[in-house]
Structure formats: C-alpha cells, structure tokens
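Numbering (my numbering), first residue to last: 23 to 336. Positions of the beta carbon are idealized from the N, C-alpha and C atoms, including for glycine. Below is one structure, written out as structure tokens; comments come after it.
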C-alpha cells in the first residue's frame, strides 16, 4: 500500500491512484466535480442569489421547432446535437423563416432531360405541404412523351417549354427568360437531371436561386461528361468505398457551384454501377426535397465567404 497523498481527490492511501481502480475512481470523482460546477454555472439563480461564474445567461433550452444546421445530410457541417445557433444568428446568416417573404408560397420551375424521378418527389412535396411552393412550369431539352419528365408534367397539368429550341434564332433563350419571369413569375429554378449547360444570362437572372442535384459527392466525380450512369461507372472503377448525392447552387461551370447539402452511401466491392445508382437515387429522393423545402421556407442563408448555410427544423 502507498501512503495517501491524493486526499484532495478522495483517496486514502490504500491504493495508488495510478492503479486501474484508482484511475476509475479519479475519473468518476473528477467528472462529478465538473458536472456540479457546470450545473452551478448554468442553473438560473433564484431568491436573490448571485449567479455562479461569468455574468452571461445559460444557453436556452431548444424547443421541438428550434432551428439547427442540417447535419443528417450536410457532410462536414455541425452535428445536430451541437446547439450552435439561435434564430437571431440564422437571420444574420441571411435565412429568416419568420419573415413575411419566407411565408409566401414560392413558384418553382423544373429543368429535366430524363425520367424525372426527382421532379416527381419534389412535386409530391408541394402537394403534401412539406414544400412551401408550387411547380409552375417544366423546361426540357427533349420533346414529347418520350421524356419521362414531360409525360409526368402532362399527366399532372403542368405546362412545359422546350429549351434549347433549335427552331428559334437564339435557341429560345430570350423567350424562356421572359416566360419564366413574366408569365410564370418563377422564384427558384431546380435542375433534376438536366443535361445542358445553363446559359450565363439565365444564371445572372436568378442569382443564388438555382439548384442542381448531382449523383456523387462533389467535387469528386463531377464536371462535363459526369452525368447519369457515367458517374456510377467511374465510382465503381475508382475503388472508392463511399459515394452519394450533392445539392448545390448553380454557377457558370459544370458542378462547381456552392454546395448546400450532401448525403452519403456505401460502395461495396461487389457493387455494379447499377447497384450504386439505385442506392444513391434513394438518397436523392430524400435529400433534394428537404433542400427545396428549406429554400422555399427561407432556411438557407449565406456566410460572408459565400458558403450557403442550411437550417433544419427538428
């Protein structure tokens, strides 16, 4: 036995503090002391007692509708359990769901070239009120019902436009902008598998108001030529073990706009590109509507360095 020299922490000299039982006892007592101190600092004082510690209020308890940075989807952002901001800081970042503008129903335009599964999921979100918006028009570079997105729009009474239109001198850009802004009053443009580069003129008409979804974790497997199954073939060939989906704002380069949110899925050694595609698509159908809902509700703000901040209501 070693004489007790650690009485400050409660040892009485019967066992050295560096033994296993001593270390466990030290840890539990230290944590108990720290917990008591923390509770005394954050517990509201009553009956005229002075608060313990620095003169600042304890963090408010979050309600079931408190806003937090999105962590389930946004890789690399603050985790959901970290209560890092209040509604005031959200407003400072540029997103304020309590404002009158955020409560107005937003008008959406969908751009699509293929089957339109993400178009369908977003439309469902507008119908069941998860998304505070309505789809006003579909824009496609295809024509007729051979395009799944056009077929879905026609079945649901959503008008559609062709762009680019080879029969018009400027491929229909001027009339497209006029139709989106004047005829349909579109607030936000959502790309769901649109395979054409968006003209810079249109992007300038809708700054920070155009979203795209990409079937990989950008900046990996992005850029010209990386679309559809080409992405998943490249993912499998590379040997990576994680891929996913990315929602980002548009700029004038393929897949290089500011990232809003991402969702990841595993890639197994025996996966085919089709296996990966199916797994990623399921994440897309959850991720994209949630980002669109945040956009329409005023829950996406911007940091001073131009990075978007998305807030989730939990």
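Residue i, DSSP secondary structure in three states
i           : result
residue 321 : coil
residue 300 : helix
residue 268 : strand
residue 312 : helix
residue 243 : coil
residue 149 : helix
residue 291 : coil
residue 327 : coil
residue 103 : Any answer about residue 103 is weak, because its pLDDT of 39 lies below 50 and its placement is not dependable; what the coordinates show is given next. Residue state, collapsed to three classes: coil.
residue 141 : helix
residue 194 : coil
residue 203 : helix
Of the listed residues the options, nearest to residue i (C-alpha basis)
i           : options               : result
residue 170 : 188, 284, 136 and 296 : 136
residue 221 : 186, 236 and 230      : 186
residue 149 : 163, 334, 178 and 166 : 178
residue 164 : 138, 147, 145 and 245 : 138
residue 151 : 162, 188 and 319      : 319
Proximity of residue i and residue j at Cβ, strictly below 8 Å
i           : j           : result
residue 172 : residue 183 : no
residue 311 : residue 196 : no
residue 154 : residue 307 : no
residue 269 : residue 309 : yes
residue 280 : residue 330 : yes
residue 233 : residue 133 : no
residue 286 : residue 266 : yes
residue 194 : residue 314 : no
Residue i at chain C interface by Cβ criterion, 8 Å
i           : result
residue 125 : Although the question refers to chain C, the structure presented lacks it and comprises just one protein chain.
Whole-angstrom C-beta distance between residue j and residue i, which should lie under 8 Å
i           : j           : result
residue 206 : residue 129 : 6 Å
residue 298 : residue 264 : Incorrect: roughly 11 Å between the Cβ atoms, too far for contact.
residue 339 : residue 157 : Since the displayed the chain opens at 23 and closes at 336, residue 339 lies outside it and no answer follows.
Segment limits, beta strand (DSSP E) that includes residue i
i           : result
residue 287 : 281 to 288
residue 155 : 155 to 162
residue 131 : 128 to 133
Endpoints, the alpha helix (DSSP H) within which residue i is located
i           : result
residue 252 : 251 to 260
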